[in-house]
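One structure is given here, and the rest of the page talks about it.
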Amino acid sequence: MSQLGATITKEGIRFAVWSSSARRIWVSIFDERGRREIDRLELQPEGDGVHTLFVAGLAAGTRYGFRADGDYAPEQGLWFDPDKLLADPYAVEIDRPYAYDGRLAARQGEGGDTASLMPKAIAGALPEPLPALPPLFRPGGLIYEVQVRAFTKLHPDIPEKQRGTIAALAHPLVVEHLQKLGVAAVELMPVTASIDERHLPPLGLGNAWGYNPVTFMALDPRLAPGGLAELRETVAALREAGIGTILDLVFNHTGESDRLGQTLSLRGLDNRAYYRHEADGALVNDTGTGNMVACDHPVVREMVLDTLRHFVQHAGVDGFRFDLAPILGRVDGVFDADAPLLNAIRNDPVLADRVLVAEPWDIGPDGYQLGNFPPPFLEWNDKYRDDIRRFWRGDGGMIGTLATRLAGSSDVFAKPGQATVRSINFIAAHDGMTLADIVAYEHKHNEANGEQNRDGHDDNLSWNNGVEGQTDDQSIVTARFDDQRALLATLFASRGTIMLTAGDEFGRTQRGNNNAYAQDNDITWLDWAGRDRALERYTALLAKMRRAAPALLDASFLTGEPAAGSEIADVVWLSETGVPLDEAAWHDPRRHRLVMVLGDEDGRLAVIINGDRRACMFTLPERAGFHWCPAIETDSGDISRPVLGRTVIFMIESRAAQAGAGESHDG
C-alpha cells in the first residue's frame, strides 16, 4: 500500500489517507497556531482506497486534518460528514490533547464545523531510524508498570516542569530507584493521545490511565511535551542504565465509542471498515467501551504493524504490551492463535525479536484466552494473581495450587513444544487494588468515581486484618506490613517474568479504589515523601537476591528431575519437617506451609513459606560440604528458631568453607 500520512519532501508535503467508501476527501491546512483554516484541498483517488495529494511549498510544522464526504446513515454504519475535522490515523504529532465536547458527536448538519474542537496533526520529518539493537529485557526479569503522570507528579526532587512527563523517567534519581529494584524493563501505561469518556467531564473527572486512544502513533502532549524526541531520549537514557522500555498500546478500540460517541478519525473516514459490526450494522462491543477495531481487516492490520515499527525504529523501545489482546487475534469475531495480525507481528523483520506481552482476555465470546497465545508472547497471568491472594488470605486447600504458581503455571503454559514459562506473574496491577490496599480493604471504595461505588470488581480476594481502611492500631499496621512482605517475597520467588506496579514496593494506596482510571489526583499520584521506606528496602533486598539466583531467573519449566550430569533435582517440595509432601499432605485443606528447594550443583535455594498464623520450626535437608544461611540480609532471625507465621524466608546453601562468613538472618 502507498505510504499513508503526511510525507515531507524538499518540494512540499504529500498527504495520503485510506477510505474504501468515501466519495470525496479533503485536507484542511491551518495557520501556524492551528486555529484558522487557511486552505481546503481535495485529495484524488489513487486506487485500492488510497487518496493522495501533493501540496508544493508546505514544510515541516504544517498543521492539518482531513475531511470526508459520502453517505450519512449512522444506522447503517455510515458517518460521513465534511463538517467533522478528522485526525490523520497516521499522525505522529498533534498540537494539543484531545478534549471531549458534545458537538463532536452531533449528527450531520446539527453541530457545525468541529475544527475549533480538534487538535491538528503536525507534519514533521521523522528522525533517522535507530540501529537495530536487541531488547535488553529477557523473560524471567522484572517488569515495572508505570503510569507516567502519576509516577513523578509528586516527586520532590524532580524539576516541577518535568514532573509527570516521560522525560522525568530519565532523571538520575528515578533511574537509581529503578536500578535498586532490579527493573529489567519499565512498562509505560498508554502514552499515546487519548480522550475522556463522555460521562467523565460532567463529573469533573478525566481518564488518567489513557486506555481510550484516538490515534495510535501520536504521543499525548501532556505526557510528552517534547514529542517523539522526548520518548526517544528517555528510552536511550534508560537503556544506558540497563533498563528496557515496553509500551502499553491499545489497538482494540478507540475513543469514538458507541453510536452516541464522537466522530474524530476512523469513524468519519470509513467506519464500516475500521470497526467490527454485527449483521444488522450495530457496532461489536467485545471491549466494553462501545466499539471494537477490526484487526482482521488488511488496512487495519497494516496500520497496527506500521505503529509498532514506528516506535521500534524511531524510539528504540524493547517491545509492547497489548491491551485486551484477544481482539488482535479475532478473525470474523473468533479468536485464532494463528490470526494474520499475530503471525505478522511475530514474523515481521523489525518486530520479530521484540518483547510481546498479551493481556489475554476481552469480554467477547470466548474472550478468556490465557495460555493460548503463540510464543514468544508473554501473558499476564490472572490465575497467579488470584491464587497467591487466596493463599495469603488464608483460604484452605491452596498448597498444590501455590506450588504450581511458584513453578511457572505449567497447567496453563506447558504446551507441546513449549519449554519456556510465558507467565507474567503479578499480584497487583493498575487495574484493581494496590498491593497495600489488598491487605487493608475487604471491599472496594470507588465513591470518588461518581458511580455510587457500582464500578470496579466486587471480588477482590482482599482482606483488611480486622479494620477496613486506615487505622492507628499498631498491631494491625504491623500485620499489614508483614502481609505485604509475604506477598512481595512470593512474587520474587516465582518462576517466570514478574511484574510490579510502580509504588507497590513502598506501600502506595488508592484508599480502596480498585478502578482509579478517572483519578488524576493524589489518589493515584505516588506519595514519594510518605513512602514506606522499610518496605522499599525489603523489596530492594528481594530484587538483589533474585538477581543473584540463577534458579529464579531461569524461565524454563521445573521438572523435579536433575539436569543432565547433575544429581540435584531442579526442585523438591518439602513439608516443614524437611520431607517430601505425600499425596495426603498435598490435599490437606488445613496445610498452609510449604518449602520449595531449587537446586543445582553450585548450591540450593530454599523458599520457606509459613502461611499459617502460628510460628513453626522448619527443617531443611543437609548436604555434605554445604551449609544453610540466610539469603537476604535482614536482622529478623533464621530457622534455628521458629519461623514466624505469615512470612517467607529465603535460605541459600553455601559451601562449608564459606559457612559463617558474613552470616545474616531473615524472617
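The number in our numbering is simply the position in the sequence shown, starting from 1, with 101 added. Built from N, CA and C at the ideal position, the CB exists for glycine as well. Since we're looking at a predicted model, the values are computed, not measured.
- Here ASP584 carries a helix assignment [DSSP, helix/strand/coil].
- C-alpha of TYR191 to C-alpha of VAL315: approximately 11 Å in a straight line.
- Within the model, the alpha-carbon separation for GLY213 versus ALA374 is close to 26 Å.
- DSSP places PRO731 outside any alpha helix (DSSP H); the residue lies instead in the beta strand (DSSP E), whose first and last residues are 727 to 731.
- Leaving aside the five residues that flank VAL672 on each side, the residues in its chain whose CB is nearer than 8 Å to its CB run, in chain order, ALA508, LEU659, THR660, GLY661, MET697, VAL698, LEU699 and GLY700.
- Taking PHE582 as the centre and dropping the five residues before and after it, the same chain places the C-beta of LEU636 closer than 7 Å to its C-beta, in chain order.
- Exclusion of the five residues before and after GLU543 leaves SER563, TRP564, ASN565 and GLU569 as the residues of its chain whose Cβ lies within less than 7 Å of its Cβ.
- Going by DSSP, PRO146 is part of the beta strand (DSSP E) stretching over 145 to 148.
- Comparing alpha-carbon positions, the option among ARG141, ASP655, LEU601 and VAL540 lying closest to ALA580 turns out to be VAL540.
- When the Cα atoms are used, CYS730 and ASP532 turn out to be separated by approximately 38 Å.
- Cβ atoms of ASP454 and TYR312 stay farther apart than 8 Å, at about 27 Å.
- Beta-bridge analysis with DSSP links TRP687 to no other residue.
- DSSP, read as helix, strand or coil, puts THR591 in helix.
- Counting along the chain, GLU288 sits inside the beta strand (DSSP E) bounded by residues 284 to 289.
- Excluding residues up to 5 positions away in sequence, ARG264, GLY265 and TRP626 lie with their Cβ nearer than 7 Å to the Cβ of LYS254 in the same chain.
- In chain order, ALA416 place their CB closer than 6 Å to the CB of ARG333, counting only its own chain and leaving out the 5 sequence neighbours on each side.
- Put simply, the backbone Cα of ASN614 is about 30 Å away from that of PRO326.
- At a cut-off of 4 residues, the continuous stretches assigned as alpha helix (DSSP H) that sit fully inside the stretch 536 to 623 are 536 to 539 and 575 to 593.
- Non-local beta-carbon contacts of LEU243 in its own chain, meaning distances under 6 Å to residues more than five positions away in sequence, involve GLY283, VAL284, ALA285 and ILE599 in chain order.
- The beta carbon of GLY604 sits closer than 6 Å to the beta carbons of LEU627 from its chain, once the five residues preceding and following it are set aside; these are given in chain order.
- As the crow flies, the alpha-carbon of LEU384 is around 26 Å from that of GLY106.
- At a Cβ-Cβ threshold of 9 Å, ASN550 and LEU304 count as neighbours.
- Distance between HIS272 and GLN414, taken at the CA atoms: about 23 Å.
- Nearest to ALA233 by alpha-carbon distance, out of GLY420, HIS688, ILE223 and HIS152, is GLY420.
- Taken in chain order, the complete beta strand (DSSP E) segments of 3 or more residues contained in the stretch 414 to 438 are 420 to 423.
- Assignment of beta strand (DSSP E) within the stretch 261 to 345, counting only whole runs of 3 or more residues, yields 284 to 289 in chain order.
- DSSP places ASN444 within a helical segment (H, G or I) once states are collapsed to three.
- Around the beta carbon of ASN448, fewer than 16 other beta carbons sit within 10 angstroms, so the residue counts as exposed.
- Using a C-beta cut-off of 8 Å, the stretch 494 to 502 makes contact with the stretch 683 to 697, since at least three inter-stretch Cβ pairs fall below that distance.
- DSSP places TYR376 in the strand class (E or B) of the three-state scheme.
- Here DSSP, grouped into helix, strand and coil, assigns ALA757 to helix.
- For ALA504, the CB contacts under 6 Å within the same chain, skipping 5 residues up- and downstream, are TRP674 in chain order.
- DSSP, read as helix, strand or coil, puts ARG647 in helix.
- Relative to the Cα of GLY203, the nearest Cα in the group GLU357, ILE347 and LEU479 belongs to GLU357.
- Inclusion of ALA619 and LEU289 in the CB contact set at 9 Å is not warranted, their separation being larger than that value.
- Fewer than three Cβ pairs drawn from the stretch 175 to 184 and the stretch 153 to 163 lie within less than 8 Å of each other, which leaves the two stretches out of contact.
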